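Have a look at the structure below, then the notes.
Numbering (the working numbering), first residue to last: 6 to 295.
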(Lines of atoms letter the chains of each structure in order from A and count residues from 1; the text may use other names and numbers.)
(Lines give C-alpha, C1' and ligand atoms only; values in the text may rest on other atoms or scores of the structure.)
Protein backbone atom coordinates (compact mmCIF):
# COMPACT_ATOMS: atom_id res chain seq x y z
CA UNK A 1 0.00 0.00 0.00
CA UNK A 2 1.13 3.54 -0.79
CA UNK A 3 0.87 5.86 2.21
CA UNK A 4 0.02 9.51 1.59
CA UNK A 5 0.63 12.03 4.35
CA UNK A 6 -2.00 14.66 3.55
CA UNK A 7 -1.13 18.22 4.56
CA UNK A 8 -2.68 21.62 4.08
CA UNK A 9 0.09 24.16 3.95
CA UNK A 10 2.55 23.13 6.65
CA UNK A 11 -0.17 21.61 8.84
CA UNK A 12 -0.54 17.84 8.99
CA UNK A 13 -4.07 16.52 8.38
CA UNK A 14 -4.13 12.71 8.18
CA UNK A 15 -2.57 9.59 6.66
CA UNK A 16 -4.28 7.88 3.73
CA UNK A 17 -3.59 4.46 2.22
CA UNK A 18 -4.04 3.72 -1.47
CA UNK A 19 -2.34 1.81 -4.32
CA UNK A 20 -0.08 2.90 -7.18
CA UNK A 21 -2.64 1.93 -9.83
CA UNK A 22 -5.43 3.98 -8.22
CA UNK A 23 -6.86 6.69 -10.53
CA UNK A 24 -6.09 10.13 -9.17
CA UNK A 25 -9.73 11.09 -9.73
CA UNK A 26 -10.69 8.47 -7.12
CA UNK A 27 -7.86 9.38 -4.74
CA UNK A 28 -8.80 13.07 -4.80
CA UNK A 29 -12.45 12.21 -4.26
CA UNK A 30 -11.70 10.00 -1.24
CA UNK A 31 -9.22 12.42 0.33
CA UNK A 32 -11.60 15.36 -0.12
CA UNK A 33 -14.46 13.41 1.47
CA UNK A 34 -12.37 12.50 4.53
CA UNK A 35 -11.00 16.04 4.82
CA UNK A 36 -14.44 17.68 4.75
CA UNK A 37 -16.04 15.09 7.06
CA UNK A 38 -13.30 15.64 9.61
CA UNK A 39 -14.18 19.34 9.55
CA UNK A 40 -17.82 18.39 10.13
CA UNK A 41 -16.87 16.36 13.22
CA UNK A 42 -14.88 19.33 14.57
CA UNK A 43 -17.80 21.71 14.02
CA UNK A 44 -20.27 19.37 15.74
CA UNK A 45 -17.93 18.87 18.71
CA UNK A 46 -17.64 22.65 19.11
CA UNK A 47 -21.45 22.99 19.07
CA UNK A 48 -21.88 20.07 21.48
CA UNK A 49 -19.73 21.93 24.00
CA UNK A 50 -22.15 24.87 23.74
CA UNK A 51 -25.13 22.49 23.95
CA UNK A 52 -23.75 20.96 27.14
CA UNK A 53 -23.20 24.41 28.66
CA UNK A 54 -26.33 26.32 27.60
CA UNK A 55 -28.91 23.98 26.07
CA UNK A 56 -30.56 24.05 22.63
CA UNK A 57 -30.30 26.88 20.12
CA UNK A 58 -32.98 29.54 20.14
CA UNK A 59 -35.02 30.14 16.97
CA UNK A 60 -33.15 32.49 14.57
CA UNK A 61 -35.57 35.39 15.24
CA UNK A 62 -34.82 35.23 19.00
CA UNK A 63 -31.06 34.92 18.94
CA UNK A 64 -29.12 37.87 20.30
CA UNK A 65 -32.16 39.51 21.89
CA UNK A 66 -32.43 40.43 25.55
CA UNK A 67 -35.19 39.00 27.73
CA UNK A 68 -36.94 42.39 27.70
CA UNK A 69 -36.89 42.50 23.90
CA UNK A 70 -38.28 38.95 23.67
CA UNK A 71 -41.14 39.88 26.03
CA UNK A 72 -41.79 43.15 24.20
CA UNK A 73 -41.92 41.40 20.82
CA UNK A 74 -44.00 38.58 22.32
CA UNK A 75 -41.68 35.90 20.93
CA UNK A 76 -42.04 32.32 22.18
CA UNK A 77 -39.64 29.41 21.74
CA UNK A 78 -42.01 26.55 20.92
CA UNK A 79 -39.14 24.03 21.09
CA UNK A 80 -38.17 24.72 24.71
CA UNK A 81 -40.85 22.40 26.13
CA UNK A 82 -40.40 19.78 23.40
CA UNK A 83 -36.60 19.45 23.61
CA UNK A 84 -35.98 18.85 27.30
CA UNK A 85 -32.72 17.09 28.27
CA UNK A 86 -32.88 13.74 30.09
CA UNK A 87 -33.00 14.18 33.86
CA UNK A 88 -34.38 17.69 33.56
CA UNK A 89 -32.71 21.00 32.67
CA UNK A 90 -30.31 23.13 34.71
CA UNK A 91 -30.37 26.90 34.24
CA UNK A 92 -27.11 28.13 32.71
CA UNK A 93 -27.77 31.41 30.95
CA UNK A 94 -26.11 32.04 27.60
CA UNK A 95 -24.65 35.55 27.80
CA UNK A 96 -24.61 36.00 24.03
CA UNK A 97 -28.26 34.97 23.72
CA UNK A 98 -27.76 32.18 21.21
CA UNK A 99 -29.04 29.26 23.30
CA UNK A 100 -31.99 29.01 25.68
CA UNK A 101 -30.03 28.43 28.91
CA UNK A 102 -31.86 25.15 29.73
CA UNK A 103 -28.70 23.04 29.94
CA UNK A 104 -28.41 19.29 30.67
CA UNK A 105 -27.56 18.25 34.21
CA UNK A 106 -23.98 17.36 35.12
CA UNK A 107 -24.39 13.65 34.34
CA UNK A 108 -25.80 14.28 30.87
CA UNK A 109 -23.23 17.01 30.26
CA UNK A 110 -20.49 14.48 30.97
CA UNK A 111 -21.99 12.12 28.37
CA UNK A 112 -21.84 14.85 25.73
CA UNK A 113 -18.34 16.07 26.60
CA UNK A 114 -16.82 12.60 26.88
CA UNK A 115 -18.26 11.56 23.52
CA UNK A 116 -17.04 14.77 21.88
CA UNK A 117 -13.51 14.15 23.19
CA UNK A 118 -13.57 10.56 21.90
CA UNK A 119 -14.82 11.66 18.48
CA UNK A 120 -12.14 14.33 18.18
CA UNK A 121 -9.45 11.85 19.18
CA UNK A 122 -10.64 9.41 16.51
CA UNK A 123 -10.05 11.89 13.67
CA UNK A 124 -7.30 13.91 15.32
CA UNK A 125 -4.24 15.16 13.45
CA UNK A 126 -2.21 13.35 16.11
CA UNK A 127 -3.22 10.08 14.43
CA UNK A 128 -0.62 10.87 11.76
CA UNK A 129 2.10 11.09 14.44
CA UNK A 130 0.98 7.67 15.71
CA UNK A 131 1.15 6.32 12.14
CA UNK A 132 -2.60 5.60 12.12
CA UNK A 133 -4.46 6.12 8.84
CA UNK A 134 -7.81 7.90 9.11
CA UNK A 135 -10.45 6.18 6.99
CA UNK A 136 -13.97 7.18 6.02
CA UNK A 137 -15.26 4.42 8.30
CA UNK A 138 -13.48 6.05 11.25
CA UNK A 139 -15.01 9.41 10.42
CA UNK A 140 -18.49 7.84 10.11
CA UNK A 141 -17.93 6.11 13.45
CA UNK A 142 -17.11 9.48 15.05
CA UNK A 143 -20.31 10.99 13.61
CA UNK A 144 -22.37 8.01 14.81
CA UNK A 145 -20.97 8.39 18.32
CA UNK A 146 -21.93 12.06 18.38
CA UNK A 147 -25.40 11.30 17.03
CA UNK A 148 -25.89 8.62 19.70
CA UNK A 149 -24.82 10.91 22.55
CA UNK A 150 -27.22 13.62 21.43
CA UNK A 151 -30.06 11.08 21.28
CA UNK A 152 -29.27 9.89 24.82
CA UNK A 153 -29.36 13.40 26.25
CA UNK A 154 -32.20 14.67 24.04
CA UNK A 155 -34.42 11.64 23.29
CA UNK A 156 -37.07 13.93 21.74
CA UNK A 157 -34.45 15.28 19.35
CA UNK A 158 -33.10 18.78 18.72
CA UNK A 159 -34.94 21.65 17.01
CA UNK A 160 -34.66 21.62 13.21
CA UNK A 161 -32.76 24.93 13.33
CA UNK A 162 -30.12 23.64 15.79
CA UNK A 163 -26.72 23.53 14.02
CA UNK A 164 -25.92 20.09 15.46
CA UNK A 165 -29.05 18.56 13.93
CA UNK A 166 -28.42 20.42 10.66
CA UNK A 167 -24.86 19.08 10.54
CA UNK A 168 -25.95 15.50 11.27
CA UNK A 169 -28.61 15.73 8.55
CA UNK A 170 -26.17 17.40 6.09
CA UNK A 171 -28.30 20.54 5.97
CA UNK A 172 -25.70 22.91 7.40
CA UNK A 173 -25.45 26.40 5.92
CA UNK A 174 -21.86 27.62 6.18
CA UNK A 175 -22.27 30.63 3.91
CA UNK A 176 -20.66 33.81 5.25
CA UNK A 177 -18.92 31.89 8.03
CA UNK A 178 -15.25 31.36 8.76
CA UNK A 179 -15.83 27.59 8.62
CA UNK A 180 -16.80 27.82 4.94
CA UNK A 181 -13.30 29.00 4.05
CA UNK A 182 -11.83 25.70 5.22
CA UNK A 183 -14.15 23.45 3.23
CA UNK A 184 -12.80 22.26 -0.13
CA UNK A 185 -15.27 20.93 -2.67
CA UNK A 186 -14.33 17.92 -4.77
CA UNK A 187 -14.41 20.01 -7.97
CA UNK A 188 -11.95 22.64 -6.69
CA UNK A 189 -9.65 20.25 -4.80
CA UNK A 190 -6.07 19.82 -5.99
CA UNK A 191 -3.34 17.47 -4.82
CA UNK A 192 0.29 18.57 -5.09
CA UNK A 193 3.44 16.54 -4.69
CA UNK A 194 7.05 17.65 -5.20
CA UNK A 195 5.83 21.06 -6.51
CA UNK A 196 3.74 19.30 -9.19
CA UNK A 197 -0.03 19.17 -9.41
CA UNK A 198 -1.21 15.57 -9.63
CA UNK A 199 -3.53 15.72 -12.63
CA UNK A 200 -6.89 14.01 -12.77
CA UNK A 201 -7.10 11.40 -15.50
CA UNK A 202 -3.74 9.92 -14.52
CA UNK A 203 -2.82 7.23 -12.03
CA UNK A 204 -0.65 7.56 -8.97
CA UNK A 205 2.03 5.39 -10.57
CA UNK A 206 2.48 7.99 -13.32
CA UNK A 207 4.13 10.17 -10.68
CA UNK A 208 5.74 7.83 -8.16
CA UNK A 209 6.37 4.59 -10.07
CA UNK A 210 5.15 1.11 -9.18
CA UNK A 211 6.63 0.66 -5.71
CA UNK A 212 3.70 -0.10 -3.38
CA UNK A 213 5.80 0.66 -0.29
CA UNK A 214 6.18 4.33 -1.16
CA UNK A 215 5.48 7.02 1.43
CA UNK A 216 5.05 10.62 0.37
CA UNK A 217 3.70 13.95 1.52
CA UNK A 218 0.91 15.49 -0.58
CA UNK A 219 -0.63 18.94 -0.19
CA UNK A 220 -4.37 19.53 -0.50
CA UNK A 221 -5.65 22.95 -1.51
CA UNK A 222 -8.22 24.83 -3.56
CA UNK A 223 -7.84 25.39 -7.28
CA UNK A 224 -6.28 28.71 -8.21
CA UNK A 225 -4.08 29.11 -5.12
CA UNK A 226 -0.89 28.26 -7.00
CA UNK A 227 1.82 25.82 -6.02
CA UNK A 228 2.12 25.24 -2.25
CA UNK A 229 5.41 25.74 -0.48
CA UNK A 230 7.88 22.88 -0.73
CA UNK A 231 8.42 20.61 2.21
CA UNK A 232 11.48 21.58 4.33
CA UNK A 233 14.55 19.37 3.90
CA UNK A 234 14.42 18.48 7.58
CA UNK A 235 11.43 18.03 9.85
CA UNK A 236 10.66 20.23 12.83
CA UNK A 237 11.68 17.41 15.17
CA UNK A 238 15.00 16.98 13.34
CA UNK A 239 15.59 20.74 13.58
CA UNK A 240 14.98 20.61 17.35
CA UNK A 241 17.42 17.71 17.72
CA UNK A 242 20.06 19.57 15.71
CA UNK A 243 19.67 22.70 17.84
CA UNK A 244 19.85 20.61 21.02
CA UNK A 245 23.03 18.92 19.77
CA UNK A 246 24.54 22.31 18.87
CA UNK A 247 23.70 23.68 22.34
CA UNK A 248 25.33 20.68 24.03
CA UNK A 249 28.47 21.11 21.94
CA UNK A 250 28.63 24.79 22.93
CA UNK A 251 28.34 23.91 26.60
CA UNK A 252 31.04 21.24 26.29
CA UNK A 253 33.34 23.72 24.53
CA UNK A 254 32.86 26.28 27.31
CA UNK A 255 33.76 23.68 29.94
CA UNK A 256 36.90 22.71 27.99
CA UNK A 257 37.96 26.33 27.68
CA UNK A 258 37.50 26.80 31.41
CA UNK A 259 39.54 23.65 32.07
CA UNK A 260 42.40 25.04 29.91
CA UNK A 261 42.61 28.28 31.92
CA UNK A 262 46.20 28.60 33.29
CA UNK A 263 45.69 31.82 35.28
CA UNK A 264 46.21 29.75 38.43
CA UNK A 265 49.97 29.80 37.65
CA UNK A 266 50.09 33.36 39.00
CA UNK A 267 48.89 32.19 42.43
CA UNK A 268 51.29 31.86 45.36
CA UNK A 269 50.35 28.26 46.02
CA UNK A 270 51.49 27.26 42.53
CA UNK A 271 54.95 28.85 42.88
CA UNK A 272 57.58 26.09 43.52
CA UNK A 273 60.02 28.63 45.01
CA UNK A 274 57.55 30.13 47.47
CA UNK A 275 58.52 27.89 50.41
CA UNK A 276 62.25 28.54 49.84
CA UNK A 277 61.78 32.33 49.82
CA UNK A 278 59.68 32.09 52.97
CA UNK A 279 62.53 30.42 54.88
CA UNK A 280 65.00 33.00 53.55
CA UNK A 281 62.76 35.89 54.60
CA UNK A 282 62.27 37.07 51.05
CA UNK A 283 58.50 36.80 50.84
CA UNK A 284 57.53 40.41 51.51
CA UNK A 285 60.14 42.39 49.64
CA UNK A 286 59.06 45.54 47.78
CA UNK A 287 61.26 47.68 45.64
CA UNK A 288 61.17 51.45 45.90
CA UNK A 289 60.41 53.83 48.77
CA UNK A 290 57.74 52.91 51.35
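Note that beta-carbon positions come from the ideal geometry of N, C-alpha and C, so glycine has one too.
If you're wondering where the values come from, they're calculated on a predicted model, not measured in any experiment.
Closest by C-alpha distance to residue i, when choosing among the options
i, options, result
"residue 78", "188, 85, 66", "66"
"residue 15", "222, 250, 96", "222"
"residue 96", "110, 86, 23, 29", "110"
"residue 23", "253, 260, 217", "217"
"residue 182", "174, 89, 191, 168", "168"
"residue 229", "195, 246, 241", "195"
Backbone CA spacing between residue i and residue j [nearest angstrom]
i, j, result
"residue 214", "residue 9", "14 Å"
"residue 43", "residue 250", "38 Å"
"residue 164", "residue 193", "33 Å"
"residue 133", "residue 157", "32 Å"
"residue 146", "residue 152", "10 Å"
"residue 36", "residue 21", "8 Å"
"residue 100", "residue 128", "31 Å"
"residue 203", "residue 47", "28 Å"
"residue 232", "residue 12", "13 Å"
"residue 197", "residue 122", "32 Å"
Residue i - partner residues in DSSP beta bridges
i, result
"residue 10", "20, 222"
"residue 28", "208"
"residue 195", "226"
"residue 63", "BP columns for residue 63 are empty, so no partner."
"residue 104", "62"
"residue 95", "108"
"residue 83", "In the DSSP output, where bridge partners are listed per residue, residue 83 has none listed."
"residue 202", "197"
For residue j and residue i, believed in contact at Cβ under 8 Å, the rounded distance
i, j, result
"residue 188", "residue 41", "6 Å"
"residue 98", "residue 106", "4 Å"
"residue 19", "residue 139", "4 Å"
"residue 114", "residue 51", "In fact, because the Cβ distance is near 15 Å, the residues do not count as touching under 8 Å."
Practice item. Assess, as a yes-or-no matter, whether the region 191-210 is touched by the region 80-88 under the definition of 3 or more beta carbon pairs within less than 8 Å. Key: No, the region 80-88 is not in contact with the region 191-210.
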